[in-house]
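Student: Under the numbering used here, the residues of the sequence shown are numbered 14 to 431, in order. We put the CB at the ideal spot given by N, CA and C, even for glycine.
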Amino acid sequence: MKLKHVAHFVAGGTPDTNNEQFWSEQGIPWVSIGDMSAVDIVTSTAKSLTEAGVRNRRLTLGEPGTVLFAMYASVGAVATLGIAATWNQALLGIVPKPQRADPRFVAYWLKHYAPEAVAEARSATQANLNAEQVANFPFTEMDLAEQRRIADFIDDRVSRLDRIIAARRRQARLLQETLPNLIARELKARSAGMPQSIETGWEGHQLPEGWRASTLGRVLRQLTNGYVGPTRDILVDDGIRYIQSVHIKNGTIDFDRRPFYVSEEWHAARRRINLRAGDVLIVQTGAIGQVALVPEGFGEASCHALLIARANSSLISPEYLATFLQCNFGKQAMLARATGALHPHLEAGVRSTPLLLPPRSVQDQIVDRVREDQQVVRAGIRDLERSIALLAEYKSSLISAAVTGQLDVTTAGSTIPG
């Protein structure tokens with residue numbers, strides 16, 4: 014049978030976003046894709062409407078249990094209202110007929126059918142769906158009692174899986190948070206400890222023989238800015254890589270996230286910002302204080318609105334400098350030197366950032382040990398991420414098997430893969 018045989022459909026809409034009379038902080042909840050992207054049941058929304066806003070677009074107030082299906086943008090996303098709410102035009106409200114369909118079963122069925130819906134959307138000119146297409150989705154013919162029995166089974170299994178997934182995400186997050194502190198642990202182990210305040214620095218702090226306190230400005234050959242200016246006229250489809258703050262992530266340059274290029278002529282005319290192996294890049298605006306080291310063999314590149322710190326290799330190794338600035342101590346010290354209240358920004362004042370400077374041989378030992386520890390931690394994170402992906406895949410297959418009758422929920426075992 015078709016979905017339209019067991020449900021009614023309600024369109025959404027968006028009142029004029031520039032009319033303040035239509036919007037309210039404590040009004041009628043209005044659901045957008047962002048409100049349902051990470052939840053199965055919507056219980057809060059980022060934006061709300063006034064009664065005038067609802068009337069303006071003649072919106073229907075959906076009751077809890079209404080299933081929302083994304084017809085474009087994030088095609089195939091599904092969530093159920095846990096509160097009375099309205100929604101935007103990218104979403105279709107699906108109201109199951111009480112004697113024909115259980116709302117939970119409908120939501121699970123749509124999750125099962127989502128890959129087919131996405132494929133159908135991609136085959137269309139606009140890469141989206143309309144209400145008629147959704148209404149004509151196939152729907153399994155099944156009596157209401159059986160739907161509820163299957164929905165109860167899936168509710169139980171999915172809640173257990175979600176708890177396991179949430180726990181593993183917390184584990185991965187906690188492991189990720191240890192990465193910036195690995196060097197601090199090494200420094201504490203090799204010296205008399207770390208000072209409590211980033212502003213008092215190491216004044217009066219007992220350091221091992223050959224160690225000394227310094228500042229960023231004293232250990233650099235050069236501190237310069239990447240190109241600062243509009244990019245609309247300089248970017249090209251292919252050419253020399255153009256590194257921006259969006260590429261600096263977890264201490265590395267992830268250029269493939271969103272590649273940008275400039276011409277060879279533009280690059281050659283600005284030798285000062287041509288990147289070299291060993292350059293330490295510091296994000297100046299936005300996610301300020303993020304750091305990455307340009308590795309050996311990186312190749313030709315320029316950069317935009319980044320501080321380029323070039324180490325005096327007789328005093329400090331670039332690897333040690335980048336590692337130190339990534340730890341919480343170094344990052345907080347840089348952030349304390351940011352200017353601008355509304356839009357914090359790093360400038361030349363970052364030169365006064367305090368550094369702990371062991372002998373070069375000790376710096377190399379610390380970097381090697383931190384690198385080893387990072388490999389272990391990152392391997393653990395990758396294992397957790399693989400486990401999360403497998404559990405999510407199992408969750409999807411479980412839902413599909415249950416709603417299509419491939420899995421007999423009355424005899425299914427209770428084992429969930431670890």
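What span of residues does the alpha helix (DSSP H) with HIS21 cover, start to end?
Tutor: From DSSP, HIS21 is part of no alpha helix (DSSP H) but of the beta strand (DSSP E) over 20-24.
Student: Going by DSSP, which residues form a beta bridge with TRP100?
Tutor: According to DSSP, TRP100 bridges with VAL44.
Student: Output the boundary residues of the alpha helix (DSSP H) element that contains ARG198.
Tutor: Note, ARG198: alpha helix (DSSP H), 195-203.
Student: Could you check where the beta strand (DSSP E) with THR423 kicks off and where it finishes?
Tutor: Run containing THR423: none; DSSP gives neither H nor E here.
Student: Can you look up LYS110 in the DSSP assignment and give me helix, strand or coil?
Tutor: It is coil, neither helix nor strand.
Student: Taking a contact to mean a Cβ-Cβ separation below 7 Å, would you say GLN102 touches ALA65 in this structure?
Tutor: Not in contact: GLN102 and ALA65 (Cβ atoms no closer than 7 Å).
Student: For SER327, which of helix, strand or coil comes out of DSSP?
Tutor: DSSP places SER327 in coil when its eight states are reduced to three.
Student: Could you give the distance in angstroms between the alpha-carbon of PRO111 and the alpha-carbon of LEU248?
Tutor: Between PRO111 and LEU248, the C-alpha separation is close to 57 Å.
Student: May I have the straight-line CA-CA distance separating ALA290 from GLY310, to the nearest angstrom?
Tutor: The straight-line gap from Cα to Cα measures roughly 7 Å.
Student: For TYR407 and THR79, I'd like the C-alpha separation in whole angstroms.
Tutor: Roughly 26 Å between the two C-alpha positions.
Student: Report, in whole angstroms, the separation of the C-beta atoms of PHE150 and TYR126, which I expect to be a contact under 8 Å.
Tutor: At roughly 6 Å, the Cβ-Cβ gap stays under 8 Å, so PHE150 and TYR126 are in contact.
Student: Have a look at LEU105, VAL119, VAL67 and flag the residue whose alpha-carbon is nearest the alpha-carbon of ILE46.
Tutor: Among LEU105, VAL119, VAL67, the Cα nearest to that of ILE46 is on LEU105.
Student: Can you tell me whether LEU123 is buried or exposed, with buried defined as 16 or more other CB within 10 angstroms of its CB?
Tutor: It is buried - the Cβ of LEU123 has at least 16 other Cβ atoms within 10 Å.
Student: Since THR93 contacts GLY75 with CB under 8 Å, what's their CB separation in whole angstroms?
Tutor: Not quite, the Cβ-Cβ distance comes to about 10 Å (not below 8 Å), so this is no contact.
Student: Using a Cβ-Cβ cut-off of 6 Å (strictly less than) and excluding sequence neighbours within five positions of PRO193, which residues of its own chain qualify?
Tutor: Excluding sequence neighbours, PRO193 sits near GLN339, CYS340, ASN341.
Student: Could you spell out the range, first to last residue, of the alpha helix (DSSP H) harbouring ARG161?
Tutor: Per DSSP, ARG161 belongs to the alpha helix (DSSP H) from 157-191.
Student: Note down, in chain order, each residue of its chain lying with its Cβ closer than 8 Å to the Cβ of LEU236, except the 5 sequence neighbours on either side.
Tutor: Closer than 8 Å at the Cβ level, and outside the excluded window around LEU236, lie LEU229, GLY230, LEU320, ILE321, ALA322, ARG323, ALA361, VAL363, ARG364.
Student: THR30 to MET49, Cα distance in whole Å?
Tutor: About 20 Å.
Student: Which residues mark the beginning and the end of the beta strand (DSSP E) in which GLN235 is found?
Tutor: Note, GLN235: beta strand (DSSP E), 233-238.
Student: Given a threshold of 16 other Cβ atoms within 10 Å of its Cβ, counted over all protein chains shown, does GLN303 qualify as buried or as exposed?
Tutor: It is buried - the Cβ of GLN303 has at least 16 other Cβ atoms within 10 Å.
Student: Give the single residue among PHE118, PRO128, THR58 whose Cα lies nearest to the Cα of ALA90.
Tutor: Measuring from the Cα of ALA90, the nearest candidate turns out to be PRO128.
Student: To which residues of the same chain is ILE211 closer than 8 Å at the C-beta, ignoring the five residues directly before and after it?
Tutor: Because ILE211 sits at a pLDDT of 49, beneath the cut-off of 50, its placement in the model cannot be relied upon, and the following sentence gives the value as read from the coordinates. So the qualifying residues of the chain are PHE342, GLN345, ALA346, ALA349, PRO367.
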